[in-house]
Amino acid sequence: MSRFDVHDHRHALKQIRDTGSTKLWENRKEVRCPVCDAPFVRLFTTRETGTTFPESDGARFCLLRDDEAIHLFRH
Ligand SMILES: [Zn+2]
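The opening residue of the sequence shown carries number 421 in our numbering; numbering runs sequentially from there.
So this is what it looks like as structure tokens:
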């Protein structure tokens, strides 16, 4: 499983929200989820110890944790 660096996909992701420690991105292209390899719809990243995730419609999501943040890929 690979790491995911938003900066590698800057051209394909549109930032919707940025609170400093949490960020929400929309996938404008077909960037693939590093966990399951399927394209995702939105990406939420958090550097907080505890975070309440944004409301979801029940869609499947994948979690990726690295040294800096937790990434939540919603499909
Ligand atoms: Zn996934």
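All C-beta atoms, glycine included, are put in the ideal place defined by N, C-alpha and C.
Query raised in the report: When DSSP labels each residue in this structure, what does HIS495 get in the three-state scheme?
Result: Indexing the sequence shown from 1 puts residue 495 at position 75. It is coil, neither helix nor strand.
Requested in this report: Return the CA-CA distance between ARG430 and VAL451, expressed in angstroms with no decimal places.
Outcome: Numbered from 1 along the sequence shown, position 10 holds the residue referred to as residue 430. Numbered from 1 along the sequence shown, position 31 holds the residue referred to as residue 451. About 10 angstroms.
Query raised in the report: Exposed or buried, ARG462, counting other C-beta atoms within 10 Å across all chains shown (16 or more means buried)?
Result: As a working mapping, residue 462 is identified with position 42 in the sequence shown. The residue in question, ARG462, is buried, as its Cβ has 16 or more Cβ neighbours within 10 Å.
Query raised in the report: Between which two residues does the beta strand (DSSP E) harbouring ARG462 extend?
Result: Numbered from its first residue, the sequence shown carries residue 462 at position 42. Run containing ARG462: 462 to 466, per the beta strand (DSSP E) assignment.
Requested in this report: Under 6 angstroms Cβ to Cβ from GLN435, same chain only, skipping five residues before and after it: list those, please.
Outcome: Locating residue 435 in the sequence shown gives position 15, counting from the first residue. Excluding sequence neighbours, GLN435 sits near TRP445.
Query raised in the report: Can you pull every residue whose C-beta falls closer than 5 angstroms to some heavy atom of ligand 1, listed in chain order?
Result: CYS453, VAL455, CYS456, CYS482, PHE493
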